[in-house]
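Residue numbers (this note's numbering), protein chains in the order written: chain L, 8 to 304; chain G, 12 to 368.
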């Protein structure tokens with residue numbers, strides 16, 4: 008047993024897992040509000056990170072200004088995607104809408120590679136000190152920041168849905184579109200807002216990952232990892248998505264530990280979540296907290 | 012079906028056989044037969060380059076046909092088709108090399124093996140509604156590719172596996188000119204099989220599930236059975252296509268068969284028309300020819316002002332991906348029935364010219 012290594016990996020897993028949780032949360036937000044499985048979630052994350060990187064390095068904007076600016080951009084961008092691309096698709100079969108998001112993800116992915124190249128770019132350092140000492144463990148400052156930001160995002164989201172008027176409107180729409188509309192909620196603007204918030208939240212996660220690891224097209228892998236997380240938590244449960252994300256993050260790192268210490272298969276880290284995904288789909292398809300679909304005729 | 016619109020008013024079908032016929036008129040059947048006979052002379056006429064493109068279209072269209080059974084006829088999405096394609100390629104090469112089964116039998120056998128593996132991944136699909144299957148196939152894509160990079164006994168790991176050329180009655184078919192006939196035969200058989208499948212009870216069951224699965228279930232259609240069946244069929248055709256590709260290229264490597272290729276297969280059927288068998292062929296031709304035409308265009312623009320400003324030639328791969336993505340979106344938004352629908356409209360126009368009614 009290599010305890011120090013294990014603890015390091017667990018901390019790592021917790022940090023990455025909360026980030027997965029944040030992205031999964033924004034994925035579930037779109038699914039709940041608009042019934043669209045968004046395959047372009049990872050690209051939203053990537054766009055946010057690249058925009059922030061451009062502001063910081065090309066325009067020399069300080070971080071405290073650059074981050075909000077890129078979030079504002081992503082907010083507008085989310086609305087734009089919904090209005091231009093997805094609004095005309097309302098009423099089409101749901102599988103067409105999903106295929107549209109697959110197309111979107113291809114376009115964004117390739118366009119970003121075209122603009123920024125394929126090589127990862129380092130992010131300008133945000134914190135002066137490299138590591139902080141917590142209970143005798145050396146933890147990188149960015150990790151702490153990442154954890155704090157993720158938790159703040161989750162709390163903010165919880166408040167938004169519990170207490171704010173718009174969040175309530177969104178929940179009502181998710182529950183039943185027709186009833187919500189008859190009560191005076193603009194379903195159109197709820198849809199647009201769902202995309203806007205989802206894009207913004209993903210962008211925060213994107214910037215956080217970028218600060219830790221630098222920006223590269225590999226970031227959009229977070230968009231793929233969202234699926235195991237969201238399925239584990241239940242496709243329509245925001246809380247479940249967060250928990251699912253943390254579990255997947257921890258699981259990845261535990262898989263890496265088992266792999267490096269005992270099995271030596273290599274690369275187990277990458278693939279373990281997908282095996283978990285298949286197993287969950289077989290034994291508990293609606294996840295931990297998802298609502299079971301009961302159809303009445 | 013919209014295809015029936017070319018039948019003039021007053022021409023009624025009086026028997027069930029007439030209603031389900033593949034070719035509505037004698038002329039259309041004669042044209043189809045003449046087209047196939049003309050294609051048989053293609054290797055004598057066209058250059059190797061065009062033949063290799065034709066072979067690619069043929070092979071990929073078989074995999075796209077399988078995907079169309081799933082997406083177009085059963086209403087489920089798969090983004091793991093490239094994984095199954097590759098599985099077919101490796102399986103065929105492996106059973107040919109390891110057990111000395113002739114390539115002639117190895118190709119259909121590879122299809123069967125791929126179908127069986129597809130069924131395993133299809134089990135969740137049987138229990139769940141459409142949305143979940145797409146996620147299961149995503150996992151299948153990653154798990155299969157991971158398996159290929161691990162299993163050195165099977166796929167050679169990081170080294171590409173070698174495959175033997177196609178041979179029949181001790182006569183080996185080598186090169187584009189001879190392999191063209193193999194692909195042509197397989198394309199004909201597969202397309203006839205699927206066309207006939209859609210005329211049977213099972214095919215109609217799949218379409219009923221796509222249109223309204225609850226009603227279908229109430230009418231006594233076994234949802235679990237047919238969803239799993241359609242997933243297995245999709246994997247089967249992917250496996251056949253992969254095996255054909257393996258014995259055409261003579262090496263199999265996983266290079267270029269990631270998730271992008273799966274999306275490309277999806278693009279083929281979206282562009283051609285989901286739920287249209289002939290459309291699959293058109294869509295595949297479109298997707299295969301698109302990069303070639305872009306290559307040509309960028310060749311002409313080389314050195315020009317536009318090229319310098321956008322660095323087109325260095326980024327042609329990305330531009331190709333952007334084009335594919337944009338075309339997927341555009342077709343879904345503006346022409347959801349794809350090229351097949353356009354084709355029918357053109358046919359109707361000429362049939363009814365000069366009076367549109």
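Ideal placement from N, C-alpha and C gives every residue a C-beta, glycine not left out.
*Cβ-based neighbour list, residue 247/L, same chain, cut-off 7 Å, excluding 5 preceding and 5 following*: Position 240 of the first chain, counting from 1, holds the residue named residue 247/L. If we look at residue 247/L and ignore the five residues flanking it on each side, its Cβ neighbours are 240, 241, 294, 295, 296, 297.
_Assumed close pair residue 76/G, residue 193/G - CB separation to whole angstroms, cut-off 8 Å_ = Residue mapping note: residue 76/G aligns to position 65 of the second chain, counting from 1. Residue mapping note: residue 193/G aligns to position 182 of the second chain, counting from 1. That belief does not hold up - the Cβ atoms of residue 76/G and residue 193/G are roughly 17 Å apart, past 8 Å.
*With burial defined as no fewer than 16 other Cβ atoms inside 10 Å of the residue's Cβ, what is the status of residue 195/L: buried or exposed?*
Looking up residue 195/L in the first chain gives position 188. Flag for residue 195/L reads exposed.
*What's the C-alpha gap between residue 263/G and residue 91/L?*
Taking the first residue of the second chain as 1, we reach residue 263/G at position 252. Taking the first residue of the first chain as 1, we reach residue 91/L at position 84. Looking at the two C-alpha atoms, the distance is approximately 42 Å.
*Output yes or no for whether 9 Å exceeds the beta carbon distance between residue 33/L and residue 58/L.*
Stepping through the first chain from its first residue, residue 33/L is reached at position 26. Stepping through the first chain from its first residue, residue 58/L is reached at position 51. No, the pair does not count as a contact, with Cβ atoms beyond the cut-off.
*Output yes or no for whether 9 Å exceeds the beta carbon distance between residue 249/G and residue 98/G.*
By 1-based counting over the second chain, the position of residue 249/G is 238. By 1-based counting over the second chain, the position of residue 98/G is 87. Yes, the pair counts as a contact, with Cβ atoms nearer than the cut-off.
_Length at least 3, wholly inside the segment 17 to 79 of chain G: the beta strand (DSSP E) runs in chain order_ = none
*Report the option in 127/L, 283/L, 102/L, 101/L whose CA atom is closest to the CA atom of residue 216/L.*
Position 209 of the first chain, counted from the first residue, corresponds to residue 216/L. When C-alpha distances from residue 216/L are compared across 127/L, 283/L, 102/L, 101/L, the shortest belongs to 127/L.
*asked:* Only counting the same chain, and skipping five residues up and downstream in sequence, which positions put a Cβ closer than 8 Å to that of residue 123/G?
replied: The residue given as residue 123/G occupies position 112 in the second chain. Cβ within range, chain order: 247, 250.
_Let me make sure I understand the geometry here. Which of 29/L, 38/L, 269/L, 113/L has the alpha-carbon closest to that of residue 162/L?_
Against the first chain, residue 162/L aligns to sequence position 155. Per the Cα distances, 29/L.
*At a Cβ threshold of 9 Å, is residue 263/L touching chain G?*
Your numbering for residue 263/L matches position 256 in the first chain. Residue 263/L has a beta carbon lying at 9 Å or more from every beta carbon in chain G.
*For the segment 278 to 302 of chain L, enumerate the residues whose C-beta is nearer than 8 Å to any C-beta of chain G, in chain order.*
278, 281, 282, 284, 285, 288, 289, 292, 300, 302
_When 266/G, 92/G, 114/G are compared against residue 71/G, the one with the closest alpha-carbon_ = Translated into positions along the second chain, residue 71/G becomes position 60. Selected option, being the one with the closest Cα: 92/G.
*Buried or exposed for residue 232/L, please, with buried defined as at least 16 other CB atoms from any protein chain shown within 10 angstroms of its CB.*
By one-based count along the first chain, residue 232/L stands at place 225. Looking at its Cβ environment, which holds 16 or more other Cβ atoms inside 10 Å, residue 232/L is buried.
*Any beta-carbon of chain L closer than 9 Å to the one on residue 212/G?*
Taking the second chain and counting its residues from 1, the one referred to as residue 212/G is at position 201. No - not a single Cβ of chain L is within 9 Å of the one on residue 212/G.
_Same chain only: Cβ atoms within 8 Å of residue 105/G, ignoring 5 sequence neighbours per side_ = Taking the first residue of the second chain as 1, we reach residue 105/G at position 94. Counting only Cβ-Cβ distances below 8 Å, and skipping sequence neighbours, we find 165, 166, 172.
*In whole angstroms, what separates the C-alpha of residue 274/L from that of residue 264/L?*
Residue mapping note: residue 274/L aligns to position 267 of the first chain, counting from 1. Residue mapping note: residue 264/L aligns to position 257 of the first chain, counting from 1. One Cα belongs to residue 274/L, the other to residue 264/L, and the distance between them is close to 11 Å.
*Can a CB atom of chain G be found closer than 9 Å to the CB of residue 195/L?*
Numbered from its first residue, the first chain carries residue 195/L at position 188. No, residue 195/L lies away from the interface with chain G (no Cβ there is under 9 Å from its Cβ).
*Quick one: which chain G residues come within Cβ less than 8 Å of residue 121/L?*
Counted from its first residue, the first chain places residue 121/L at position 114. Residues of chain G passing the Cβ test: 326, 329, 330, 333.
*The alpha helix (DSSP H) spanning residue 209/L covers which residue range?*
Counting from one through the first chain, the residue named residue 209/L turns up at place 202. For residue 209/L, the enclosing alpha helix (DSSP H) stretches over residues 194 to 220.
*asked:* With three or more beta-carbon pairs closer than 8 Å as the criterion, would you say the segment 180 to 188 of chain L touches the segment 43 to 56 of chain L?
replied: no
*Please decide whether residue 306/G counts as near chain A, where near means a Cβ-Cβ distance under 9 Å.*
Among the protein chains of the structure shown, namely L and G, there is no chain A.
*Pick helix, strand or coil for residue 128/L, following the three-state DSSP scheme.*
In the first chain, residue 128/L corresponds to position 121, counting from 1. Strand at residue 128/L.
_On the CB-based measure, 16 or more other CB atoms within 10 Å of its CB, does residue 313/G come out buried or exposed?_
Within the second chain, numbered from 1, the residue matching residue 313/G stands at position 302. Residue 313/G should be labelled exposed.
*Whose C-beta lies closer than 6 Å to the C-beta of residue 121/G among residues of the same chain, with five residues either side of it excluded?*
As a first step, residue 121/G must be located in the second chain, where it is residue number 110. If we look at residue 121/G and ignore the five residues flanking it on each side, its Cβ neighbours are 99, 102, 103, 250, 254.
*Positions along the segment 334 to 362 of chain G whose CB lies within less than 7 Å of some CB in chain L*: 335, 336, 337, 339, 340, 343, 344, 347
*From the DSSP output, which residues share a beta bridge with residue 263/G?*
Residue mapping note: residue 263/G aligns to position 252 of the second chain, counting from 1. 172/G, per the DSSP bridge assignment.
*asked:* Can you tell me whether residue 184/L is helix, strand or coil according to DSSP?
replied: The residue labelled residue 184/L in the question sits at position 177 within the first chain. Helix.
*For residue 25/L and residue 154/L, the rounded distance between their alpha carbons*: Numbered from its first residue, the first chain carries residue 154/L at position 147. Numbered from its first residue, the first chain carries residue 25/L at position 18. Rounded to whole angstroms, residue 154/L to residue 25/L spans 7 Å at the Cα level.
*For residue 269/L, three-class secondary structure by DSSP*: Sequence index remark: in the first chain, residue 269/L carries index 262 (1-based). Reduced to three states, the DSSP call for residue 269/L is helix.
*Using a Cβ cut-off of 8 Å, which residues of the segment 87 to 100 of chain L contact any Cβ in chain G, in chain order?*
92, 95, 96, 99, 100
*asked:* Please report the distance separating the alpha-carbon of residue 224/G from that of residue 100/L.
replied: In the second chain, residue 224/G corresponds to position 213, counting from 1. In the first chain, residue 100/L corresponds to position 93, counting from 1. Cα-Cα distance, rounded: 13 Å.
*Could you name each continuous beta strand (DSSP E) segment of 3 residues or more that falls completely within the segment 56 to 104 of chain L, going from the start of the chain to the end?*
Along the segment 56 to 104 of chain L, the beta strand (DSSP E) does not occur as any fully enclosed run of 3 or more residues.
*Using 8 Å as the Cβ pair cut-off and three pairs as the minimum, do the segment 191 to 211 of chain L and the segment 101 to 115 of chain L touch?*
no
_For residue 6/G, which residues in the same chain have their Cβ closer than 7 Å to its Cβ, ignoring the five residues on either side in sequence?_
There is no way to answer for residue 6/G, as the model of chain G reaches only from 12 to 368.
*Identify which residue in 88/G, 57/G, 55/G has its Cα closest to the Cα of residue 241/G.*
The count along the second chain starts at 1 and reaches residue 241/G at position 230. When each option's Cα is compared against that of residue 241/G, the closest is 88/G.
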